[in-house]
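To keep things clear, I will list the structure first and then write my remarks on it.
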C-alpha cells in the first residue's frame, strides 16, 4: 500500500521531494518496499490540487516549472481544485501531511495550526519547518502522541544530514550532555571566504549570488537561524524545554578581516557555533562566533557544510558532518521521515 | 518486561556492557522504558552461570574482577553452573544472545555456530564480533529472517559510533555509492604519533603500552582489521556480497618517518583508508595508506579516533567521527542493538 501524502507548500523543498519520488520511486519500492503517493498539493500562489487516487508527480513538476501554477495540470475525473490547506489536512485521504508552507520563526504560524489540525484528524506530520518545533514542541509532541500519530522533523536541523535521528536512534541509551555545532551554512560559507581573503560585505554578496543567503540576510548572519536549531536540539535531544529567549545570541556581522587574520595567525579559525550544555542541572545555550583550534573537528568544516558534535555519556564526542541546505537535501529529509514512519521506526 | 540476555563471553566488552547496565539501568528504565536482565553468562575460563530469574550484575562484575572466575558467585536456589555455550543458547530463557566470545577472522568460529543455534532456537543475536559478519553475512542474515528474529552487530564497525545504523536508519532511502573510512584506531594513533616525531617502532610500542595494539600487532598494522570492516560495510550497507579475498590490502608497517615528513611538507597526511566504491556495476574495495590533503575531513581525524565518509546519492558526502574501540564504547554498541531490537526498530 502506497503511503499517501499531502504537500502543504510546493516551493523548492516540496519540489525537491517530488523530484526524488519521481526519480527514485522505483528504487525505493524495490530496495525498501516503500512507496509514496502524492494525493494533494496546496499552495497560496500556485493553486491547490487533490485527487484521492493520487496526482501525477511528473506533471506537477512540469506545470509548476513551466507556468508557475497548477492551472495547466490536466483535469481528470475526481480531481479537486482550490481546496485550502485546512480542508486538505482535515478531509483528504492522506496518511501524512508534509508541512512545508513557510517558516515564521516569530509566530510559527500557520504551520502550528496545520500540525494541530493534522494530528486531530489522525494524520502524521513531517516537516522541515523550524517554527512549530522551536516554538511549540511540547504541545505538539503531546498532541501527536495523544492522537496516536507521528511528528517528524529531521530537516529542521542540518537538512537531510540526520542530526536528530542519529542520536535518537543510533545513539539510543546514551545521554546527550551537550551539543556544539556549525548549524548555519551561509555564515560558514562567508567565514570560509573571509579566510580566503574576501571582506565581509564581498563574501556576503557572493553568498547571496549563490543563493546561500537571502536578500535580507539578517536571520543567517545575526545567528537567529542557528538559535532556532539550538532550541530544537535542546527540546528534542536533551529533553530541556528551552525557549528562544533563553539563548544568548551573537552573529558574525561584526567580524572584520582583521579578526580573521588574527585567528589565522594563532592557528585558529572563527566559526559560528550554536551550543547547549547541561551540567549539574544547569543548562546554558548560546550562539556566537568562536575561535576554534584547528585540532577541533568543527574547525575543519568549511564552505556551506554543517557539522555537529554530540557530547555523549557513553561514547564521548561523536561528530556528524554533512550538507545543511539545498532543495534535494531538504526534500530528502522529508523522505527519511516518511520511510521511518512507514517502518514504525523512530 | 525486562529483555533477558545471555552473554556468551565475559571479557572487557561483556564487562563493559554489564557495567553500563549496572550504572545506567535506572536511567534506561526511566528515560526509555528499557530494561535488560542478564540471565546467563558463559565463558571458557571463568565458568558459566544461568538463572532464569536473572543474575546479579554487580556481583558478576565483583567476583570476576576480584577472583577472575564465577566460583565465588553466591549460590541461590535455581542457579545453574557449568552449562556450555550451546546449552545456554538453546535451553536458557534468554530473548537475546549477546555473542562476544572471541574473534576468529579466519573461520568465524565458534561464533558462527553460536549465531546459527540462537536463530534456530528463536533467539535474537547481538554481537561485536566481526567474524560471523565478515565471513557468513548472507547465510546468517537469511537464517535470522527465516526464524523471525533479529541479528544486530553495530559494534563490528567503529564500536558504539553507529557507523552501520546511521546509514540504515537515519539515511534511509539514500543509496550508499561508496564509503571511505579510518576504520582502525591503532594505526591512526601510530600515524599521529609519527607526525609528532616518533619513528614507527616507538609509536607502535607506545600504542601497545596504552593497550591500543596487541602484543602481536599484525591484524591492525597490516590492515586486516580494517579489511574485515570493509567487507562488512559492503555486505550490509551496499548489498554487495564482497569477500575478504576481493579486497586489496596494504598496511602501514612500511611507512617511514621520511614518508611522513614528505606528506607534511606537501600539506598532507597519511591515513590508513578502507574504502569500497560502486560504479557502473563494478565494485572496488581496498585498504591502503593514502596521503590526504588537509582539506579532507578524514585528514583531521587524529589519535585513536575513527571516521567514515559515506558517499550518498541524495546527500552527497556525510561523515561520522567517533571512538572506535574501548570496553565501555563497545559494550555500549551492544546496548544500542538491544534497545533497537526491543523497540522493533532497525
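Residue numbers (the working numbering), protein chains in the order written: chain A, 1 to 346; chain B, 1001 to 1346.
Beta carbons are placed, not taken as given, at the ideal position from N, Cα and C, and that holds for glycine.
Taking the alpha carbon of residue i as the point to measure from, which residue in the options has its own alpha carbon closest?
| i | options | result |
| --- | --- | --- |
| residue 1307 of chain B | B:1275, B:1037 and B:1257 | B:1275 |
| residue 330 of chain A | A:96, A:242, A:33 and A:129 | A:129 |
| residue 250 of chain A | A:285, A:264 and A:268 | A:285 |
| residue 318 of chain A | A:297, A:334, A:303 and A:335 | A:297 |
| residue 1244 of chain B | B:1238, B:1224, B:1262 and B:1153 | B:1224 |
| residue 16 of chain A | A:262, A:290, A:155 and A:272 | A:155 |
| residue 201 of chain A | A:257, A:235, A:248 and A:161 | A:257 |
| residue 6 of chain A | A:123, A:188 and A:109 | A:123 |
| residue 120 of chain A | A:143, A:126 and A:58 | A:143 |
| residue 75 of chain A | A:85, A:34 and A:56 | A:56 |
| residue 88 of chain A | A:265, A:118 and A:34 | A:118 |
| residue 197 of chain A | A:279, A:109, A:214 and A:260 | A:260 |
| residue 1079 of chain B | B:1054, B:1102 and B:1063 | B:1054 |
| residue 335 of chain A | B:1339, B:1314 and B:1194 | B:1314 |
| residue 253 of chain A | A:66, A:146, A:199 and A:151 | A:199 |
For the putative contact between residue i and residue j, defined by C-beta atoms under 8 angstroms, what is the C-beta separation to the nearest angstrom?
| i | j | result |
| --- | --- | --- |
| residue 312 of chain A | residue 171 of chain A | 6 angstroms |
| residue 61 of chain A | residue 19 of chain A | 6 angstroms |
| residue 1232 of chain B | residue 1134 of chain B | 5 angstroms |
| residue 1100 of chain B | residue 1011 of chain B | 7 angstroms |
| residue 293 of chain A | residue 267 of chain A | 7 angstroms |
| residue 1032 of chain B | residue 173 of chain A | 7 angstroms |
| residue 303 of chain A | residue 192 of chain A | 5 angstroms |
| residue 358 of chain A | residue 43 of chain A | Within the shown structure, residues of chain A are numbered from 1 to 346, placing residue 358 of chain A beyond reach of any answer. |
| residue 157 of chain A | residue 140 of chain A | At roughly 16 angstroms, the Cβ-Cβ gap does not stay under 8 angstroms, so residue 157 of chain A and residue 140 of chain A are not in contact. |
| residue 234 of chain A | residue 283 of chain A | 7 angstroms |
| residue 1320 of chain B | residue 1136 of chain B | No, residue 1320 of chain B and residue 1136 of chain B are not in contact; Cβ-Cβ is about 26 angstroms, not under 8 angstroms. |
| residue 272 of chain A | residue 188 of chain A | 7 angstroms |
Is DSSP giving residue i helix, strand or coil here?
| i | result |
| --- | --- |
| residue 1310 of chain B | strand |
| residue 1102 of chain B | coil |
| residue 11 of chain A | coil |
| residue 76 of chain A | coil |
| residue 1059 of chain B | helix |
| residue 271 of chain A | strand |
| residue 163 of chain A | coil |
| residue 1046 of chain B | coil |
| residue 1289 of chain B | strand |
| residue 1317 of chain B | strand |
| residue 209 of chain A | helix |
| residue 177 of chain A | strand |
| residue 1256 of chain B | coil |
| residue 294 of chain A | coil |
Is the Cβ of residue i closer than 8 angstroms to any Cβ of chain A?
| i | result |
| --- | --- |
| residue 1081 of chain B | no |
| residue 1322 of chain B | yes |
| residue 961 of chain B | Because chain B here runs from 1001 to 1346, residue 961 of chain B falls outside it and cannot be looked at. |
| residue 1340 of chain B | yes |
| residue 1316 of chain B | yes |
| residue 1285 of chain B | no |
| residue 1263 of chain B | no |
| residue 1180 of chain B | no |
| residue 1207 of chain B | no |
| residue 1198 of chain B | no |
| residue 1165 of chain B | yes |
| residue 1117 of chain B | no |
So does residue i have its beta carbon nearer than 7 angstroms to some heavy atom of the ligand COA?
| i | result |
| --- | --- |
| residue 319 of chain A | Within the structure as shown, the ligand COA is missing, as the structure has no ligands at all. |
Against chain B, with Cβ distances strictly below 8 angstroms, would residue i count as a contact?
| i | result |
| --- | --- |
| residue 279 of chain A | no |
| residue 161 of chain A | yes |
| residue 306 of chain A | no |
| residue 319 of chain A | yes |
| residue 345 of chain A | yes |
| residue 25 of chain A | no |
| residue 195 of chain A | no |
| residue 329 of chain A | yes |
| residue 335 of chain A | yes |
| residue 73 of chain A | no |
| residue 332 of chain A | yes |
| residue 237 of chain A | no |
| residue 20 of chain A | yes |
| residue 300 of chain A | yes |
Cβ pair count under 8 angstroms reaching 3, the segment 36 to 47 of chain A against the segment 80 to 96 of chain A
yes
With contact counted as at least three CB pairs below 8 angstroms, one residue from each stretch, are the segment 171 to 181 of chain A and the segment 194 to 214 of chain A in contact?
no
If we count Cβ pairs, one from each stretch, closer than 8 angstroms, do we get three or more for the segment 320 to 338 of chain A versus the segment 1017 to 1034 of chain B?
no
Contact between the segment 211 to 229 of chain A and the segment 332 to 343 of chain A: three or more CB pairs below 8 angstroms?
no
Given 8 angstroms as the limit, is there contact between the segment 68 to 81 of chain A and the segment 48 to 59 of chain A, that is, 3 or more CB pairs closer than that?
Touching, yes, given that three or more Cβ pairs across the two stretches are closer than 8 angstroms.
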